[in-house]
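Comments concern the structure below.
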Amino acid sequence: MNRICLNLTILMSVATLSACSGSSTQYIDYTPVDNTPKLDMKEAVYQLTLPTGNILTLTTDQSGTSVYGAYTIKNGTGIVSSGKIENLVTSIALTGYSNSPCPTEALSIQPRSSTLNATLDSASVDISGSSCSEGSLLPAIRVISKFSPPATARMASTGVTNDVNKRLSISAVSGDNVNFVGPITLEDTFLQTSATGIIVGTITDSAAWPLTGNVVEISNPFAFGFIFTRATNFSGHFFATNDSISAIKGHARTAPTLGGQYSISEISVTATDSGVPQPTLTTTSVQATQNYTLQ
117 MNRICLNLTI LMSVATLSAC SGSSTQYIDY TPVDNTPKLD MKEAVYQLTL PTGNILTLTT
177 DQSGTSVYGA YTIKNGTGIV SSGKIENLVT SIALTGYSNS PCPTEALSIQ PRSSTLNATL
237 DSASVDISGS SCSEGSLLPA IRVISKFSPP ATARMASTGV TNDVNKRLSI SAVSGDNVNF
297 VGPITLEDTF LQTSATGIIV GTITDSAAWP LTGNVVEISN PFAFGFIFTR ATNFSGHFFA
357 TNDSISAIKG HARTAPTLGG QYSISEISVT ATDSGVPQPT LTTTSVQATQ NYTLQ
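Given below as structure tokens:
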């Protein structure tokens, strides 16, 4: 009986070893996942009232937990400062443009996840850092809320480039008459391909980027249009059915229309495909499908 049990034990051991030897090694990622609630800053405009009463407007897009965009601090209708937004939705970094009224501005906004509402569009935030307008009033705790724009806060245009098969479309919304956010679409009707992404553009008084051009409101008589330096959450194909677009930048020139409204009169885009910059595509005969009214 002992011999039989011994033989069975050996057979079971061999079977177990054979099964294990045929398997592949599995690697398990034990990196902690942050499941705490976060603001939804995808293609969004947020506003809060600073301690001085100035209004801070954040115009953003979000990819994963990373956030990108532009901000403006206004006192009534005057621009107190302006700059870029970057970092994470859990720790938003605001940095003043080099030629803005407050080039040394460096603010940090940290939402308190425990105060987020159910729709993830409002929360209490800790604001700290340096600001020319807020001075010693920081740090402070304020409430930030998503701006729900009316229909008149959006402008949309579509135009055909010098290549009649290629069309450019932009639809953008603003909460401060300075920064705009919305989708841009590149479409080739011949290849039957299209690509889309989200842009955040800042109104300047020239075709220069906000780092070198003066930031103004769209109603400024010297306003050129909104300049964008990248497109986030970009996907699709445009130059070929299998292209790889890694970067996009350009501008949407704006012009006043009757009734105190504004529209896009020109769309210009430069894209990089597989590391190679493509020729600039510009459309000047755009069809305004919706005009923008000052907010």
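Start counting the sequence shown at 117; every next residue gets the next number (our numbering).
Note that beta-carbon positions come from the ideal geometry of N, C-alpha and C, so glycine has one too.
Within 8 Å, strictly: CB atoms of residue i and residue j
{"i": "S379", "j": "T370", "result": "yes"}
{"i": "S197", "j": "S216", "result": "yes"}
{"i": "T357", "j": "A272", "result": "no"}
{"i": "S182", "j": "L155", "result": "no"}
{"i": "I225", "j": "L210", "result": "yes"}
{"i": "Q377", "j": "S290", "result": "no"}
{"i": "G298", "j": "N349", "result": "no"}
{"i": "A363", "j": "G317", "result": "no"}
{"i": "T173", "j": "G185", "result": "no"}
{"i": "A311", "j": "S351", "result": "yes"}
{"i": "T206", "j": "S246", "result": "no"}
{"i": "I315", "j": "A347", "result": "yes"}
{"i": "G192", "j": "G212", "result": "no"}
Nearest-angstrom Cα separation, counted from residue j out to residue i
{"i": "I243", "j": "L374", "result": "41 Å"}
{"i": "L166", "j": "R258", "result": "7 Å"}
{"i": "S230", "j": "S264", "result": "23 Å"}
{"i": "D150", "j": "G180", "result": "12 Å"}
{"i": "T416", "j": "D279", "result": "With the chain running from 117 to 411 in the structure shown, residue 416 is simply not present."}
{"i": "F80", "j": "I383", "result": "The structure shown does not extend to residue 80, since the chain spans only 117 to 411, so no value can be given for it."}
{"i": "C248", "j": "N281", "result": "49 Å"}
{"i": "C415", "j": "S390", "result": "The requested residue 415 is not part of the displayed model; the chain covers only 117 to 411."}
{"i": "P337", "j": "P372", "result": "9 Å"}
{"i": "D385", "j": "G194", "result": "What sits at residue 385 in the sequence shown is Val, not Asp. Those two C-alpha atoms are separated by around 30 Å."}
{"i": "S137", "j": "L284", "result": "Note that S137 scores 46 on pLDDT, short of 50, meaning its location in the model is unreliable and no value can be drawn from it."}
{"i": "I171", "j": "A160", "result": "16 Å"}
{"i": "K158", "j": "L302", "result": "20 Å"}
{"i": "P266", "j": "Q178", "result": "22 Å"}
{"i": "T328", "j": "T396", "result": "21 Å"}
{"i": "I201", "j": "V276", "result": "32 Å"}
{"i": "S222", "j": "I208", "result": "For clarity, residue 222 is Ala in the given sequence; the question names Ser instead. The alpha-carbon atoms of A222 and I208 are separated by roughly 11 Å."}
{"i": "E250", "j": "I286", "result": "35 Å"}
{"i": "T305", "j": "Q394", "result": "18 Å"}
{"i": "T309", "j": "L164", "result": "40 Å"}
{"i": "V241", "j": "I300", "result": "31 Å"}
Secondary structure of residue i, DSSP reduced to three states
{"i": "A222", "result": "strand"}
{"i": "S335", "result": "coil"}
{"i": "L253", "result": "helix"}
{"i": "A323", "result": "coil"}
{"i": "A347", "result": "coil"}
{"i": "T268", "result": "helix"}
{"i": "G352", "result": "strand"}
{"i": "F342", "result": "strand"}
{"i": "K154", "result": "coil"}
{"i": "S246", "result": "strand"}
{"i": "T72", "result": "For the chain, the structure presents residues 117 to 411; residue 72 sits outside this window and is missing."}
{"i": "V259", "result": "strand"}
Residue-chain proximity (residue i, chain C), Cβ-Cβ < 8 Å
{"i": "T188", "result": "Included in the structure is just one protein chain, with no chain C present."}
Cβ shell of residue i (< 6 Å), same chain only, five flanking positions each side left out
{"i": "T268", "result": "T409"}
{"i": "T400", "result": "E382"}
{"i": "Q403", "result": "T274"}
{"i": "V294", "result": "T188, I319, E333"}
{"i": "D359", "result": "H353, D389"}
{"i": "F296", "result": "A288, S290, G317, F342"}
{"i": "Y162", "result": "L174, I260, K262"}
Proximal residues to residue i (C-beta, below 7 Å), its chain only, five neighbours per side dropped
{"i": "P153", "result": "S229, L232, L236"}
{"i": "L253", "result": "P167, T168"}
{"i": "V392", "result": "none"}
{"i": "N407", "result": "M271, T373, Q377, Y378, S379"}
{"i": "T345", "result": "W325, K365"}
{"i": "N330", "result": "N215, T320, D321"}
{"i": "S335", "result": "N293, L410"}
Contacting residues, own chain, Cβ-Cβ under 8 Å from residue i (five flanking each side not counted)
{"i": "A324", "result": "I343"}
{"i": "A239", "result": "L155, P227, R228, S229, T231, L232, N233, V259, I260"}
key: Secondary structure, beta strand (DSSP E): runs of 3+ residues fully inside the region 189 to 244   = List check, beta strand (DSSP E) in window: 194 to 204, 207 to 212, 222 to 227.
query = Of all the beta strand (DSSP E) runs that stay within the bounds of the region 355 to 399, which reach a length of 3 or more residues?
reply = Segments of the beta strand (DSSP E) lying fully in the region 355 to 399: 361 to 373, 377 to 389, 397 to 399.
ask   = Which ranges would you report for the beta strand (DSSP E) in the region 275 to 317 if only whole runs of at least 3 residues count?
value = Within the region 275 to 317, the runs of beta strand (DSSP E) at least 3 residues long that lie entirely inside it are, in chain order, 282 to 290, 295 to 304.
ask   = What residue ranges within the region 161 to 185 form continuous beta strand (DSSP E) runs of no fewer than 3 residues, ordered along the chain?
value = For the beta strand (DSSP E) assignment, the uninterrupted runs of no fewer than 3 residues enclosed by the region 161 to 185 are, from N- to C-terminal side, 171 to 179.
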